[in-house]
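Notes to accompany the following structure.
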């Protein structure tokens, strides 16, 4: 494989954590395959800390490769004749992955997702390949060599831009007029000096100045109209792009969000402004600048061929300058965006965790951490600014030299009598326009590079398969009677097995409880039941004849109601938070529902009753009130299967008794699964109790049955001396 082919296969990482999946995608491309980074992240279990070698191994074995995790040395690596992924330790023990393509002519050919293509001597690689770990992978019969397209994001962008075509055509038309009027000022200067002033005709001068004034006025009006059109396009484009990405984002599976930081997602959505700036220049200004360059050169050739050829040298000089600076600019722009996302995420983390920070008096520590992260971000900006300043300095030197030499050459031609003084002034004015337009075209490439990076980061997650699309499915399409879990196994990608051979069942009119130590997988099991995750093995059977995986997500989630451990309160009123919809449409129904089930006794006592604002912009409510609100939210949609995960852990005794009485009423109408550590609740509910330990169901039975044997449940009671 040639250097060019290797370079074409290399995928750059979007974040520090993405080096592993970028290496995997590079190898897919090497074998003429294609896959989205998001799918690789999900399959490998990439999280904010990165990807484990185990995660990479598990992912590729599911995606058409036969892989082996090995440990070797430099001499063994030289013998390999196909790409492998190396685990490196770089810069203060920072872990990193690269692709080693081959060993040839005394050097290893490396694809680094952070830096690109490079060649390393054996001793150089040995210094960072300290662990000797590598992932050896080759495609098997299930691998699809379907080819890859490196410009999918660009094709999508073209579709988005096409909707604004009429605006761009109008702006371009006005731009052409503006360009012609701008150049006309240089021609008018020449006419003024060479024709009008020598005649000393006052009326001719007045006529010329009046015409020039009209020209300047028209120039201002056309500039205003063009700016108005582009402002309208900016509004439409930004709204359309952000809405498109948000509509994709919100329908992605929950597993997608597990590996994302809030700040990173916000930063990516805000990147639309960079894309818009580049689009607006390319579609609205680049054509005008290119036209100005062509027309300027045409005028210069008309006035004097030698001057035109001399001035035209600026174009290749600036192209060479751009070629020198483009690669480092792209790299540093990517680093700036990554550090911006990290900085945003940390600020969000501090704000969300301010109670804990103040409780433990760790303000100084978190301030120092924030300062370090922000300093790193600013260092990247400073590095970018230094490169930009070097580029601008070189650009200014070239422009100044061309301008000075052009003036000198023009003056020499004037002294020789080859041109008039007015022509000299016109030439100098046109050369200034030529330099400005050429400079704009060259500088735009830096903006375009930033937009390309932003587009890649935004477009990245749109290739991920949506969990489901909105449909008009009838919510009564499924009538629930029983759920049975059969031999279920589950692990998060890149991690060891969490749930092992789980089997249980719950029927309508029945309440079951699950008891287990922290971290044994209870909450994960609930999320599998919700279809946030899919089991590795085993199945969940509904009504003895439906596999849950074959049931529409929307239909199932309308069938169940869930009170999770971590309850999200949104900005708005109590009404808003119960219906999670336009509260005004549900107001009477919500209040009637709350009165019927007894919630009214609690919510009506708040300062503004059901209209009390809660969340960030309203008053805080207690943990018990939050759980009560979540229960009302779950029951309001009339579920057939209710799942409660530590749903009374923050409630006082009276509120808890209210909930338990309600559950005893409800269990005749629906199936209920209750996870709790409170033994008195389990006993009072008189339910079947499943004991979960280390990801397994160890035993089950009623309170009396379990108390006859040694198990986690009976041990709890003995510890409390209640047996």
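In the UniProt record's numbering, the protein residues as written are 1 to 723. Glycine is no exception: its CB is placed at the ideal position from the N, C-alpha and C atoms. The model shown is predicted, which means the values in this text are computed figures rather than measured ones.
Nearest-angstrom Cβ-Cβ length linking residue i and residue j, presumed shorter than 8 Å
i           : j           : result
residue 111 : residue 121 : Actually they are not in contact, since the Cβ atoms of residue 111 and residue 121 sit about 17 Å apart, beyond 8 Å.
residue 133 : residue 58  : Not a contact, Cβ separation roughly 15 Å.
residue 670 : residue 627 : Actually they do not touch by this definition, with Cβ atoms about 19 Å apart.
residue 553 : residue 468 : 4 Å
residue 513 : residue 359 : Between residue 359 and residue 513 the Cβ distance is about 32 Å, and since that is not below 8 Å, they are no contact.
residue 408 : residue 311 : The Cβ separation is near 12 Å, so there is no contact.
Three-state class that DSSP yields for residue i in the structure shown
i           : result
residue 69  : strand
residue 696 : strand
residue 561 : strand
residue 703 : helix
residue 15  : coil
residue 117 : strand
residue 338 : helix
residue 203 : helix
residue 671 : strand
residue 298 : helix
residue 474 : Low local confidence applies: a pLDDT of 47 at residue 474 is under 50, so the model's placement there is unreliable, and no value is given.
residue 682 : helix
residue 644 : strand
residue 214 : helix
residue 586 : helix
residue 533 : coil
Cutoff 6 Å; reference residue i; Cβ partners in own chain excluding five residues on either side
i           : result
residue 475 : Bear in mind that a pLDDT of 46 at residue 475, under 50, signals an unreliable position, so the model cannot answer this.
residue 383 : 332
residue 267 : 340, 341, 344
residue 461 : 38
residue 84  : 100, 134, 136
residue 440 : 289
residue 417 : none
Cβ neighbour criterion (16 or more within 10 Å) applied to residue i
i           : result
residue 5   : exposed
residue 292 : buried
residue 680 : exposed
residue 402 : buried
residue 294 : exposed
residue 653 : exposed
residue 713 : buried
residue 368 : exposed
residue 257 : exposed
residue 472 : Confidence at residue 472 is low in this model, with a pLDDT of 44, below 50, so its placement is unreliable and no value can be given for it.
residue 52  : buried
residue 203 : exposed
residue 221 : exposed
residue 336 : buried
residue 395 : buried
residue 502 : buried
Beta-carbon spacing of residue i, residue j below 7 Å
i           : j           : result
residue 135 : residue 56  : yes
residue 706 : residue 672 : no
residue 28  : residue 137 : no
residue 276 : residue 223 : no
residue 86  : residue 156 : no
residue 492 : residue 536 : no
residue 322 : residue 442 : yes
residue 540 : residue 496 : no
residue 667 : residue 542 : no
residue 280 : residue 230 : yes
residue 599 : residue 632 : yes
residue 330 : residue 505 : no
residue 507 : residue 516 : no
residue 308 : residue 319 : no
residue 205 : residue 216 : no
residue 139 : residue 251 : no
Proximal residues to residue i (C-beta, below 7 Å), its chain only, five neighbours per side dropped
i           : result
residue 635 : 561, 597
residue 25  : 11, 35, 37, 40
residue 425 : 189, 190, 193
Residues near residue i by beta carbon distance below 8 Å, same chain, minus five either side
i           : result
residue 570 : 576, 577, 580, 615
residue 225 : 174
residue 74  : 122, 125, 126, 129
residue 684 : 660
residue 590 : 575, 578, 579, 583, 610, 636
residue 500 : 489, 694, 695, 696
residue 301 : 308
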